[in-house]
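Notes follow once the structure below has been shown.
Number of protein chains: 2
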Amino acid sequence: MSLKALDYETLNENVKNCQYAVRGELYLRASELQKEGKKIIFTNVGNPHALGQKPLTFPRQVVALCQAPFLLDNPNVGMIFPADAIARAKHYLSLTSGGLGAYSDSRGLPGVRKEVAEFIQRRDGYPSDPELIFLTDGASKGVMQILNCIIRNQKDGVILVPVPQYPLYSATISLLGGTLVPYYLEETDNWGLDVNNLRQSVAQARSQGITVRAMVIINPGNPTGQCLSEANLREILKFCCDERLVLLGDEVYQQNIYQDERPFISSKKVLMDMGAPLSKEVQLISFHTVSKGYWGECGQRGGYFEMTNIPPRTVEEIYKVASIALSPNVSAQIFMGLMVSPPKPGDISYDQFVRESKGILESLRRRARIMTDGFNSCKNVVCNFTEGAMYSFPQIKLPPKAIQAAKQAGKVPDVFYCLKLLEATGISTVPGSGFGQKEGVFHLRTTILPAEEEMPEIMESFKKFNDEFMSQYGDNFGYSRM
Amino acid sequence: MSLKALDYETLNENVKNCQYAVRGELYLRASELQKEGKKIIFTNVGNPHALGQKPLTFPRQVVALCQAPFLLDNPNVGMIFPADAIARAKHYLSLTSGGLGAYSDSRGLPGVRKEVAEFIQRRDGYPSDPELIFLTDGASKGVMQILNCIIRNQKDGVILVPVPQYPLYSATISLLGGTLVPYYLEETDNWGLDVNNLRQSVAQARSQGITVRAMVIINPGNPTGQCLSEANLREILKFCCDERLVLLGDEVYQQNIYQDERPFISSKKVLMDMGAPLSKEVQLISFHTVSKGYWGECGQRGGYFEMTNIPPRTVEEIYKVASIALSPNVSAQIFMGLMVSPPKPGDISYDQFVRESKGILESLRRRARIMTDGFNSCKNVVCNFTEGAMYSFPQIKLPPKAIQAAKQAGKVPDVFYCLKLLEATGISTVPGSGFGQKEGVFHLRTTILPAEEEMPEIMESFKKFNDEFMSQYGDNFGYSRM
Chain A
1 MSLKALDYET LNENVKNCQY AVRGELYLRA SELQKEGKKI IFTNVGNPHA LGQKPLTFPR
61 QVVALCQAPF LLDNPNVGMI FPADAIARAK HYLSLTSGGL GAYSDSRGLP GVRKEVAEFI
121 QRRDGYPSDP ELIFLTDGAS KGVMQILNCI IRNQKDGVIL VPVPQYPLYS ATISLLGGTL
181 VPYYLEETDN WGLDVNNLRQ SVAQARSQGI TVRAMVIINP GNPTGQCLSE ANLREILKFC
241 CDERLVLLGD EVYQQNIYQD ERPFISSKKV LMDMGAPLSK EVQLISFHTV SKGYWGECGQ
301 RGGYFEMTNI PPRTVEEIYK VASIALSPNV SAQIFMGLMV SPPKPGDISY DQFVRESKGI
361 LESLRRRARI MTDGFNSCKN VVCNFTEGAM YSFPQIKLPP KAIQAAKQAG KVPDVFYCLK
421 LLEATGISTV PGSGFGQKEG VFHLRTTILP AEEEMPEIME SFKKFNDEFM SQYGDNFGYS
481 RM
Chain B
1 MSLKALDYET LNENVKNCQY AVRGELYLRA SELQKEGKKI IFTNVGNPHA LGQKPLTFPR
61 QVVALCQAPF LLDNPNVGMI FPADAIARAK HYLSLTSGGL GAYSDSRGLP GVRKEVAEFI
121 QRRDGYPSDP ELIFLTDGAS KGVMQILNCI IRNQKDGVIL VPVPQYPLYS ATISLLGGTL
181 VPYYLEETDN WGLDVNNLRQ SVAQARSQGI TVRAMVIINP GNPTGQCLSE ANLREILKFC
241 CDERLVLLGD EVYQQNIYQD ERPFISSKKV LMDMGAPLSK EVQLISFHTV SKGYWGECGQ
301 RGGYFEMTNI PPRTVEEIYK VASIALSPNV SAQIFMGLMV SPPKPGDISY DQFVRESKGI
361 LESLRRRARI MTDGFNSCKN VVCNFTEGAM YSFPQIKLPP KAIQAAKQAG KVPDVFYCLK
421 LLEATGISTV PGSGFGQKEG VFHLRTTILP AEEEMPEIME SFKKFNDEFM SQYGDNFGYS
481 RM
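Just so you know, the sequences run in chain order A and B. Each residue of the first sequence is one higher than the one before, counting from 1 in UniProt numbering. Each residue of the second sequence is one higher than the one before, counting from 1 in UniProt numbering.
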């Protein structure tokens, strides 16, 4: 009997080949345990509101009014909404053509794209063109759109990404039938990047007949949490220019900075600072989102990308493809507008907005510290400090007996460890193998997002589990850090 | 000098090959004219709120409260929100894990999927399983996900669609590198479908080495507006069973029905009515949305698909791919919940909800009539009645001189006609060639969505333009209807 098109055996192989560990085996097991009534701490995905972070009040007021525009005619509206939220709701509604229920232009509302361009210009000190900014349903969707334009086949549409990397990239490259050319970050150098190694990766790929066409950086890093220095970014841009690579700059964590000596610098600014010919040569796409920062509005699905040095005919093609799905959701577009133009000093809501956003950011900074210190106090665990983003990525030095036990259970060693951790403590993490890591070295990724007051207990519970695990599987094995 | 990855010449060819006329040349020209200050009537896309349709009050109240959950603690909230909206907001918030700012499960909120399953069960009289329902950012995104699973290569992943068809399908098939096997609907038989012709299409494709894997129906039809009869649906399902095709049932217009003698019947119900073995054999995916019906909440981007007879391993793969983009936007998921469980008799908001929704639907029905009659009163224009959906698709019998003039201008004849119509009247339509049509026959698609009170003037303006066009290009040419 012949198979049908949606039988597993006949599915598109690229679909079957892609892996997305952030919602993979660990997440599925955690969901099962939750259904059975176990308390789960979901630190597998950077989802702040799910772990109790409160939304910022002002943007929620504005979007609520945009959803219910009839309230603007209600004489009592001033009793529950401040005047500046009412004014901003009117402003954003005036940018739509029919409110939140009407499709926008497929690139997003022109008025919001203008606000994004003004934000970029203030941030970088260089002009930004709204026509080169597209709004998207979250940054992931934008990344997928751009990779779809680049990747043509297995030998040709190929991307170089930092490893460990956020598996959006590996999964999308698989889905599109391209090949991932890995480049390893240096854990012992605080996840730094060495351009000589980059050149080796490209040379090796070429020797296999692979044309490297683009490079991805995640800055601040996910899962590794490092902020790239200006010097590093200059080297990367020079490298992209020499090798004629498009640079995809995933900068979704640009608000999440926890070390004053390592501020965020955008790829666009560094590129412009380098001047011609580079600043007119290197093709750069930069991504941002409303899901991260102190906003954490993941469920709204809002993002943008900005294109630099992309020819107009290509911009038209990207527009055409975006138009097939009609438009990004309009309420998230308004969140994006609010993120890039928050309340100003003197506005009624300014003080509250600053208090709320500072509160979140300062707490994240403290939590990054508690977590790093907590991991480093555990047996056979070493962990770089989280300079930025939302993750901690400790290395777990698994004893040979544990690796053996994992093999017997048919599991990758760090999956084995993370599953045991989940069953014992309810802490749902992602194994390092989901992000890529050097052979024989094991990690896990956890977010730094659990509520600050719960953090000591979580780290205590982790330490207890880890102690028991290490004593169960023995640790006098002369392991030296790789 | 070698090209870079985002230079036009080196882009993924599938991206360059796809066409999406709904936002193509006509739309771009209309946008330009609008910028220049001309009044444009955008009837190119089914976007009701952009043409003045007011959103339904109750769902907007509920979602506004969900966006601003702190209002639920405000003692004055009852002054501007009715009690049942407050209760429903609390209900939906309880289904999330952190409100609208938290990612949901990648399939959508389990609680909303349960409400969708209950709706389907009430509608069809057969059980529906929430685990086989995935929420999506609009129906288009769901269609793209499923086609991505089916299409493997140009010769193999191939879809049979009704022509004229909504170009989402042709564009996505191109983007995914598949081949479209057309099947023509019969205009003279009120856009009916003849299964013998279907068999011929499949046989012809096979003779070219193409494996037909799936079939798409749009019911009610877009752009053609017909509702498929139960007998027709049975034939189609039997055909899919014989040929082992997955049936994709695009049923986004199921609320938009304008003729009592032709009610909407779902593919799922007809399949279940047919009983075993068919009801256990045919692979069916049905799509729905919050963008159409009397909701018209296009900008929210909410939809779902239900899977029937799809093996569990395939469902897992579809889940995995959905998880790469994390989750559909949560506020549209709540719109979907509200759409499938609207206020009930006895609820405070019930009367208003019924008044609003009936008002919209009855007006659409009148507008469908005004438009069909208007087109049929014009020289060289014939038009089937819009039984359902939101479109009118008149045939324009272009005189040879007009076809000649179009050729000289380097335009497809119906593009030429629609551009002239746009320049003269501001009415922005989509040429029939964007949907596919038989050789030598020309159409345009317009929505029936302009405000009812403006409809007579629009049809008057169309008639005046058409009269002038037909007299300019001569019409005593002995044209007989094809």
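Using N, Cα and C, we set each Cβ at its ideal position, and we do this for glycine too. Just so it is clear, the structure is predicted and the values come from calculations on it, not from any experiment.
What alpha helix (DSSP H) runs, 4 residues minimum, are completely inside the region 157-237 of chain A?
Complete alpha helix (DSSP H) runs here, min 4: 167-175, 195-207.
Can you pull out the residues from the region 117-137 of chain B whose beta carbon lies closer than 9 Å to at least one beta carbon of chain A?
So the close ones are Asp137.
Note the first and the last residue of the continuous alpha helix (DSSP H) segment covering B:Ile334.
330-340 is the span of the alpha helix (DSSP H), which, as asked, contains B:Ile334.
Where do the ends of the beta strand (DSSP E) carrying B:His91 lie?
Annotation: B:His91 is outside any beta strand (DSSP E); the continuous alpha helix (DSSP H) that includes it extends over 83-95.
On the three-state DSSP scale, how would you describe A:Asp347?
Note: A:Asp347 maps to coil in three-state DSSP.
Return no unless some Cβ of chain E is closer than 7 Å to the Cβ of B:Ser266.
No chain E appears in this structure, whose protein chains are A and B.
is_contact[A:Ala21, chain B] using C-beta, thresh 7 Å
No - not a single Cβ of chain B is within 7 Å of the one on A:Ala21.
Could you have a look at B:Glu306 and say whether DSSP puts it in helix, strand or coil?
Residue state, collapsed to three classes: strand.
For A:Arg88 and chain B, any beta-carbon pair shorter than 7 Å?
Not an interface residue.
Which one or two residues does DSSP pair with A:Gln395 in a beta bridge?
Paired residue(s): A:Val382, A:His443.
Counting Cβ pairs, one atom from each stretch, are 3 or more of them under 8 Å apart for the region 165-173 of chain B and the region 270-282 of chain B?
Taking 8 Å as the limit for Cβ pairs, the verdict is that the region 270-282 of chain B does not touch the region 165-173 of chain B.
Leaving out the 5 sequence neighbours to the left and right, which residues in its chain are closer than 6 Å to A:Ile173 when beta-carbon positions are compared?
So the list reads Ile159, Leu180, once near-sequence residues are dropped.
Using a 10 Å radius around the Cβ and a threshold of 16 neighbouring Cβ atoms, would you call B:Pro328 buried or exposed?
Label assigned to B:Pro328: buried.
Pop quiz: A:Asn44 and B:Ile150 are said to be a contact at Cβ under 8 Å. What is the actual Cβ separation, rounded to whole angstroms?
The beta-carbon separation of A:Asn44 and B:Ile150, rounded to 30 Å, does not stay under the 8 Å limit for a contact.
Examine the ligand ATP and report whether any of its heavy atoms sits within less than 6 Å of the Cβ of B:Ile173.
Questions concerning the ligand ATP fall outside what the structure shown contains, since it holds no ligand whatsoever.
Assuming A:Val282 and A:Leu233 form a contact by the criterion Cβ under 8 Å, report the distance between their Cβ atoms to the nearest whole angstrom.
Between A:Leu233 and A:Val282 the Cβ distance is about 11 Å, and since that is not below 8 Å, they are no contact.
Measuring alpha carbon to alpha carbon, tell me which of B:Ser331, B:Leu326, B:Pro345, B:Pro399 ends up nearest A:Gly24.
Looking at the Cα atoms, B:Leu326 is the closest of the given residues.
Buried versus exposed call for A:Leu3 [16 or more other C-beta atoms within 10 Å across all chains shown]:
The residue in question, A:Leu3, is exposed, as its Cβ has fewer than 16 Cβ neighbours within 10 Å.
Can you pull the chain B residues whose beta carbon is under 8 Å from the beta carbon of A:Ser104, in chain order?
Within chain B, the residues near A:Ser104 are Gly299.
If you draw a straight line from the C-alpha of A:Asn76 to the C-alpha of B:Arg60, how long is it?
Taking the straight line from one Cα to the other gives about 18 Å.
Cutoff 7 Å: B:Gly359 Cβ touching any chain A Cβ:
B:Gly359 does not count as touching chain A.
Could you tell me which of B:Ile427, B:Lys464, B:Val212, B:Leu176 sits nearest to B:Leu33, measuring between CA atoms?
Nearest C-alpha to B:Leu33: B:Ile427.
Could you compute how far the alpha carbon of B:Leu198 sits from the alpha carbon of B:Ile217?
Roughly 12 Å between the two C-alpha positions.
Alpha-carbon to alpha-carbon, B:Glu115 and B:Ser341
Cα-Cα distance, rounded: 7 Å.
Does the distance from the C-beta atom of A:Leu95 to that of A:Leu109 stay below 7 Å?
Yes; because the gap between Cβ atoms is below 7 Å, this pair is in contact.
Closest by CA to B:Gln404, which one among B:Gly99, B:Pro431, B:Glu297, B:Gly440?
It is B:Gly440 whose Cα lies nearest to the Cα of B:Gln404.
Would you mind stating whether A:Ile396 and A:Phe335 have Cβ atoms separated by less than 7 Å?
Here A:Ile396 is not near A:Phe335, since their CB atoms are 7 Å or more apart.
Can you find at least 3 beta carbon pairs, one from the region 39-55 of chain B and one from the region 443-451 of chain B, that sit closer than 8 Å?
Yes, the region 39-55 of chain B touches the region 443-451 of chain B.
Where the region 410-421 of chain B meets chain A: residues whose CB sits under 9 Å from a CB there
If the cut-off is 9 Å between Cβ atoms, the region 410-421 of chain B has nothing near chain A.
Measuring straight from C-alpha to C-alpha, what distance separates B:Ser286 and B:Leu135?
Straight-line Cα distance between these residues: approximately 12 Å.
Under 9 Å, CB to CB, which of the residues in the region 242-263 of chain B have a partner in chain A?
Answer set for the region 242-263 of chain B: Arg244, Leu245, Val246.
Suppose you measure from the CA of A:Val62 to the CA of A:Asp347; what does that come to, to the nearest Å?
Distance between the alpha carbons of A:Val62 and A:Asp347 is about 14 Å.
So is B:Thr314 in contact with chain A if we call contact Cβ pairs under 7 Å?
B:Thr314 belongs to the set of residues whose beta carbon lies under 7 Å from a beta carbon in chain A.
Here's the rule: buried if 16 or more other CB atoms are within 10 angstroms of the residue's CB, otherwise exposed. What is B:Asn148?
Around the beta carbon of B:Asn148, a 10 Å sphere encloses 16 or more other beta carbons of the protein chains shown; the residue is thus reported as buried.
For B:Phe385, which residues in the same chain have their Cβ closer than 6 Å to its Cβ, ignoring the five residues on either side in sequence?
Around B:Phe385: Thr372.
Does B:Gln283 get closer than 7 Å to chain A when you measure Cβ to Cβ?
B:Gln283 has a beta carbon lying within less than 7 Å of a beta carbon in chain A.
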